[in-house]
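To start, the structure under review is shown below, and the notes come after it.
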Amino acid sequence: MAKRCRICQKKAFIYLRYANLALCKEHFIQRTEKVVKETIEKFKMFSPQDKILVAVSGGKDSLVLWHILGKLGFKADGVHLDLGIGEFSSLSLKLSQKFSETHQFNLKVVSAKEVLGASLEELFKKSKEKPCSLCGTVKRHLLNEFAYKEGYSVLLTGHHLDDETARLLGNLLNWEIDYIWRQFPVLPQEGRLVKRAKPLVFLSKKEIETYAQLEGIEYLQVKCPYSRGSKLHFLSDIMDEIEKHFPSSKLRFLKGFYKLRKIFYPKKPIKLFECPSCKMPTTSEGLCRFCRLKERISHGENFKTN
Ligand code: SF4
Ligand code: ZN
Ligand code: ZN
């Protein structure tokens, strides 16, 4: 028998297996927005008084986040990092700009090449480091530096349930104590490290994708050419397999961790230092990874940062 929407009893459009919930289009949209609103409130991520910045990649996650914030009545600006990864980056930029224009949202663009003196693609060719690791260092630094210098009080990213569970699995496999501690939906401001939050952590990739299609959001369909073969990609496939056999595992895994985090970590495990060059917080004394990278680029050396 065809499933019916749990709220209005009309023919269901989607069945969310993990929640054993069938919904029509209208109630699916309402529920998605409600989940985001409740996550923002539960973790005290921000209020309308905050100066909110969204990291906008042009993919479905960040655009859905920005779109929902607008519908919930939050005023949020966007920042797009132009990483310089060939056609992938030019398309990402185009779609981010198109979205901001149609929604009349403010979007700033930061070019990695302008700041670093080399595009990410150029760095990948010369570095021995894994592309995603190098890219992560650059993205984290540029986003935080921009947010801090422009006076934003909170920086939001579109990480979702699938991202977070794959990352948590990876961090637990290696017992990466510092990373595990930092894997929380909201992290407070620490010196020049701006407060960060992830309002989509309780939504799956499928829900975000479906929501984007229903709301007519045009997002980047191509994947970064360097995403294939990445560790996170592999872990994400494993989590998908677990979820297939044991529905709701991802949500239980993540929610359970958020509850237990307080017990694991009565005190935060890391001390932050100030980078003598950019003045941004770093986990070890001396130049931060970003500044070391920048220095090597300017000297034309190989780009390995550790
Ligand atoms: Fe950067 Fe890796 Fe993401 Fe590509 S897949 S944008 S290299 S982090
Ligand atoms: Zn309904
Ligand atoms: Zn630095």
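When we follow the working numbering, the leftmost residue of the sequence shown carries the number 2, and every step to the right adds one. For glycine and all other residues, C-beta sits at the position ideal for the given N, C-alpha and C. All values reported here derive from a predicted model rather than from experimental measurement.
Asked                                                                                                                               : Found
Those residues which DSSP pairs with Leu-17 across a bridge                                                                         : Leu-22
Whole-angstrom distance between Leu-173 and Leu-233, CA atom to CA atom                                                             : 13 angstroms
For His-81, the residue or residues it bridges with in DSSP                                                                         : Val-110
C-beta atoms of Glu-216 and His-28 nearer than 8 angstroms                                                                          : no
Pro-189 beta carbon near ligand 1 (any heavy atom closer than 7 angstroms)                                                          : no
Residue burial classification, Lys-268 (beta-carbon count within 10 angstroms, cutoff 16)                                           : exposed
Own chain partners of Cys-6 with C-beta closer than 7 angstroms, once the 5 adjacent residues on each side are dropped              : Ala-13, Ala-23, Leu-24, Cys-25, His-28
For Val-36, three-class secondary structure by DSSP                                                                                 : helix
Ser-278 beta carbon near ligand 3 (any heavy atom closer than 7 angstroms)                                                          : yes
Meets three-Cβ-pair contact criterion under 8 angstroms: the segment 143-156 and the segment 229-246                                : no
Ala-148, DSSP secondary structure in three states                                                                                   : helix
Where Thr-284 falls: helix, strand or coil (DSSP)                                                                                   : coil
Chain-ordered residues, beta carbon under 5 angstroms from a heavy atom of ligand 1                                                 : Pro-132, Cys-133, Cys-136, Cys-225, Tyr-227, Ser-228
Span of the alpha helix (DSSP H) around Ile-271                                                                                     : It is not in any alpha helix (DSSP H) - Ile-271 carries neither H nor E in the DSSP assignment.
Backbone secondary structure at Leu-157 - three-state DSSP                                                                          : strand
Beta-carbon spacing of Asp-83, Ser-101 below 8 angstroms                                                                            : no
C-alpha gap between Arg-262 and Leu-169, whole angstroms                                                                            : 12 angstroms
Per-residue DSSP class, three states only, for Ile-8                                                                                : coil
Helix, strand or coil at Leu-204 [DSSP, three-state]                                                                                : coil
Inter-residue Cα distance where the pair is Cys-310 and Arg-297                                                                     : No information on residue 310 is available, as it lies outside the stretch 2 to 307 that the chain covers here.
N-terminal and C-terminal residue of the beta strand (DSSP E) that Val-195 is part of                                               : Per DSSP, Val-195 belongs to no beta strand (DSSP E) and is neither H nor E.
Between the CA atoms of Val-195 and Pro-189 - distance to the nearest angstrom                                                      : 7 angstroms
Cut-off 6 angstroms between Cβ atoms - residues of its own chain near Asn-107, not counting five sequence neighbours on either side : Asp-78
Boundaries (first-last residue) of the alpha helix (DSSP H) holding Leu-221                                                         : Where Leu-221 is concerned, there is no enclosing alpha helix (DSSP H), given that its DSSP letter is neither H nor E.
When Val-57, Glu-42, Ala-119 are compared against Val-187, the one with the closest alpha-carbon                                    : Glu-42
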